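In what follows, a single structure is set out as structure tokens and then discussed.
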Amino acid sequence: MSRKTAPIPVTVLTGYLGAGKTTLLNRILSEPHGRKFAVIVNEFGEIGIDNDLIVDAEEDVFEMNNGCICCTVRGDLIRIIEGLMRRPGRFDGILIETTGLADPAPVAQTFFVDEDVRARTRLDSIITVVDARHLPGEIDRAHEAQEQIAFADTIILNKTDLASAEDLAAVETRIRRINPTASILRSERCDLDIASLLDRKAFDLDRILDVEPDFLVEEHDHEHDDHVASFSLVERQPIDPEKFFPWLQTTVQAFGMDILRLKGIISFSGDDDRYVAQGVHMLLEGNHQRPWEEDEERITRLVFIGRDLPKDVITDGFLKCRAVRQAAE
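So this is what it looks like as structure tokens:
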């Protein structure tokens, strides 16, 4: 695909109140990377202030302050993006900074449900900034903090200078209980290699899970003291696609509002290609990624991240999708 027609990558910046999202946004806009961004900032409430905190830059900043981006203004988000697509010139990317009280799911869904937006943009990554010192209390007090971690492809553990090594290790363990697949980067004042955060294709099906070697762990912790938690399903026996897809659709219909993220690689019987799938709430996407390598063990791996999901019920249904025997060549 040529540069002229290539979808524009979109990076969503989220994180609980005071974590450092605007600091990160300012660093992105200030770095000498030579890229031009359109910036969409959302402030919850009638009077927005985030726009005034953004550094003076050439980028166009669009502010939505008539409600939380995750609910009342998704239509505004679609209209702004569609308007950007009609403007002369070319953006190298779109940055969306959500309010600290936002559930990132509807933001991500926007890039799947609107056909025009989906055709002309590409959700590149959801980056969640967390406060290393205050995160434990925020997780226990605010469900939004857990859900922002659950949806992240990259988690920036910010303000590490304010926490001890032991506290940082404990915070990372807590994060992993919620989201075992996201990359965790430590920082002080979001001082990171900005180029490494952009155009990562972290939300791209073609790269899903390949960058997470720990995903092969048989069981991730599933702690019930968290509002949001994760568990993994691993199966070495081939999966019957005629059973799998109906099961997955039924599972999403039953528990979709509580399934925050779903990621997986599936080994189907009689299929020499890896099938990758991911979902946000009740929206599912999947396709064949690449052939299995000759020396690669064909393992099905699925991670569910959600709110109090019935692990036993989901596991039982998944195991019933195993093929009785591998299809003949």
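Here the numbering used here is used: the first residue of the sequence shown is 4, the next is one more, and so on. From the three backbone atoms N, C-alpha and C, an ideal C-beta is built for every residue, glycine too. Please read these numbers as outputs of a predicted model, since none were measured by experiment.
Query: Would you kindly work out how many angstroms separate the C-alpha atoms of I99 and P12, rounded to a whole number?; Result: 11 Å
Query: Could you pull out every unbroken beta strand (DSSP E) segment of at least 3 residues lying fully inside the stretch 126-197, listed in chain order?; Result: 157-161 and 186-189
Query: Between the Cα of A3 and the Cα atoms of N290, Q240, E191 and T253, which residue gives the shortest distance?; Result: Here the chain covers residues 4 to 332 and nothing more, so residue 3 does not appear.
Query: With distances taken Cα to Cα, identify the nearest neighbour of R192 among N29, T14, A9 and V15.; Result: N29
Query: Under DSSP, the alpha helix (DSSP H) around V15 begins and ends at which residues?; Result: It is not in any alpha helix (DSSP H) - V15 instead sits in the beta strand (DSSP E) that spans I11 to G18.
Query: So which of V116, E300 and A153 has the shortest CA-CA distance to I181?; Result: A153
Query: Contact between the stretch 156-171 and the stretch 281-292 is defined here as three or more beta-carbon pairs at a separation below 8 Å; is this criterion met?; Result: no
Query: Taking S270 as the reference, give the member of F248, I31, V174 and R90 with the closest Cα.; Result: F248
Query: Checking 8 Å against the spacing of the C-beta atoms, do I302 and T254 come in under that value?; Result: no
Query: Can you grab the Cα-Cα spacing for the pair K314 / F234, in whole Å?; Result: 7 Å
Query: Go through its chain and collect everything with a Cβ distance to A185's Cβ below 7 Å, but skip five positions before and after it.; Result: A155, D156, T157 and I158
Query: Classify Q25 as buried or exposed, calling it buried when 16 or more other Cβ atoms lie within 10 Å of its own Cβ.; Result: It is Thr, not Gln, that sits at residue 25 in the sequence shown. Burial call: buried.
Query: With H, G and I counted as helix, E and B as strand and the rest as coil, what does DSSP make of R90?; Result: coil
Query: Count the C-beta pairs between the stretch 110-126 and the stretch 82-90 that are closer than 8 Å, then say yes if the count reaches three, no if not.; Result: yes
Query: By the three-class DSSP mapping on this structure, what secondary structure does T318 have?; Result: helix
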